[in-house]
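Student:
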Amino acid sequence: MSDAINDTVRRVTTGLELDRARERANYASAAVDVARMRHAAALLVSQHEPVASLGMDRDQLRVLLRYVDHGDETRMWRELAALKEGRGDER
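Just so we're aligned: the sequence shown equals residues 757 to 847 in my numbering.
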(Lines of atoms letter the chains of each structure in order from A and count residues from 1; the text may use other names and numbers.)
(Lines give C-alpha, C1' and ligand atoms only; values in the text may rest on other atoms or scores of the structure.)
Protein backbone atom coordinates (compact mmCIF):
# COMPACT_ATOMS: atom_id res chain seq x y z
CA MET A 1 0.00 0.00 0.00
CA SER A 2 2.86 2.35 0.76
CA ASP A 3 4.21 1.95 -2.80
CA ALA A 4 0.82 2.92 -4.25
CA ILE A 5 0.72 6.06 -2.10
CA ASN A 6 4.31 6.95 -3.04
CA ASP A 7 3.48 6.51 -6.73
CA THR A 8 0.42 8.73 -6.37
CA VAL A 9 2.40 11.41 -4.54
CA ARG A 10 5.12 11.22 -7.19
CA ARG A 11 2.55 11.64 -10.00
CA VAL A 12 0.88 14.57 -8.25
CA THR A 13 4.25 16.21 -7.59
CA THR A 14 5.31 15.72 -11.20
CA GLY A 15 1.98 17.15 -12.37
CA LEU A 16 2.45 20.21 -10.16
CA GLU A 17 5.96 20.68 -11.49
CA LEU A 18 4.64 20.53 -15.04
CA ASP A 19 1.93 23.06 -14.20
CA ARG A 20 4.52 25.41 -12.70
CA ALA A 21 6.77 25.01 -15.74
CA ARG A 22 3.85 25.80 -18.04
CA GLU A 23 3.00 28.88 -15.96
CA ARG A 24 6.61 30.10 -16.18
CA ALA A 25 6.62 29.53 -19.95
CA ASN A 26 3.33 31.41 -20.36
CA TYR A 27 4.64 34.29 -18.24
CA ALA A 28 7.85 34.43 -20.28
CA SER A 29 5.88 34.40 -23.52
CA ALA A 30 3.67 37.24 -22.30
CA ALA A 31 6.74 39.22 -21.20
CA VAL A 32 8.24 38.81 -24.68
CA ASP A 33 4.96 39.99 -26.25
CA VAL A 34 4.88 43.09 -24.04
CA ALA A 35 8.53 43.86 -24.75
CA ARG A 36 7.89 43.48 -28.49
CA MET A 37 4.89 45.82 -28.25
CA ARG A 38 6.88 48.46 -26.37
CA HIS A 39 9.74 48.21 -28.85
CA ALA A 40 7.35 48.64 -31.77
CA ALA A 41 5.71 51.64 -30.07
CA ALA A 42 9.10 53.27 -29.45
CA LEU A 43 10.11 52.63 -33.07
CA LEU A 44 6.86 54.14 -34.34
CA VAL A 45 7.30 57.25 -32.21
CA SER A 46 10.90 57.66 -33.41
CA GLN A 47 9.98 57.65 -37.12
CA HIS A 48 8.90 60.90 -38.77
CA GLU A 49 6.88 59.54 -41.68
CA PRO A 50 4.44 57.27 -39.75
CA VAL A 51 3.84 60.00 -37.16
CA ALA A 52 3.27 62.67 -39.82
CA SER A 53 0.95 60.41 -41.80
CA LEU A 54 -1.25 59.91 -38.72
CA GLY A 55 -1.77 63.66 -38.47
CA MET A 56 -0.56 63.97 -34.89
CA ASP A 57 2.62 64.92 -33.15
CA ARG A 58 4.95 62.57 -31.32
CA ASP A 59 3.73 63.57 -27.88
CA GLN A 60 0.11 62.72 -28.74
CA LEU A 61 1.17 59.42 -30.25
CA ARG A 62 3.28 58.64 -27.18
CA VAL A 63 0.23 59.25 -24.93
CA LEU A 64 -1.97 57.01 -27.08
CA LEU A 65 0.59 54.20 -27.17
CA ARG A 66 1.01 54.41 -23.39
CA TYR A 67 -2.77 54.06 -23.11
CA VAL A 68 -2.52 50.74 -24.96
CA ASP A 69 -0.08 49.66 -22.26
CA HIS A 70 -1.83 50.96 -19.12
CA GLY A 71 -5.51 50.93 -20.22
CA ASP A 72 -6.56 53.87 -18.02
CA GLU A 73 -8.86 55.97 -20.21
CA THR A 74 -9.14 58.78 -17.67
CA ARG A 75 -5.35 59.09 -17.53
CA MET A 76 -5.15 59.15 -21.34
CA TRP A 77 -7.68 61.99 -21.63
CA ARG A 78 -5.96 63.91 -18.83
CA GLU A 79 -2.57 63.58 -20.56
CA LEU A 80 -4.03 64.62 -23.94
CA ALA A 81 -5.71 67.64 -22.33
CA ALA A 82 -2.44 68.59 -20.67
CA LEU A 83 -0.69 68.46 -24.05
CA LYS A 84 -3.40 70.59 -25.63
CA GLU A 85 -3.06 73.17 -22.86
CA GLY A 86 0.71 73.17 -23.33
CA ARG A 87 1.54 71.75 -19.92
CA GLY A 88 3.55 68.91 -21.40
CA ASP A 89 3.51 65.31 -20.28
CA GLU A 90 1.54 64.76 -17.07
CA ARG A 91 1.50 61.21 -15.80
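Heads up, the beta-carbon is just placed ideally off N, CA and C, and yes, glycines get one too. Being a predicted model, the structure only gives us computed values, none of them experimental.
Are the CB atoms of Val807 and Leu839 nearer to each other than 9 Å?
Tutor: Their beta carbons are not under 9 Å apart, which means Val807 does not touch Leu839 by this criterion.
Student: Report back the beta-carbon spacing between Arg814 and Val801 to the nearest angstrom; my notes put them in contact at under 8 Å.
Tutor: Indeed they touch by this definition, with Cβ atoms about 6 Å apart.
Student: What number of angstroms, rounded off, separates the C-alpha of Arg794 from the C-alpha of Asp763?
Tutor: So the alpha carbons of these two residues sit roughly 46 Å apart.
Student: Beta-carbon within less than 7 Å of Val768's beta-carbon, same chain only, minus the 5 sequence neighbours each way: which residues are those?
Tutor: Nothing listed; no residue qualifies.
Student: Starting from Glu841, trace the alpha helix (DSSP H) in both directions and tell me its first and last residue.
Tutor: Premise fails: Glu841 is in no alpha helix (DSSP H) and is neither H nor E.
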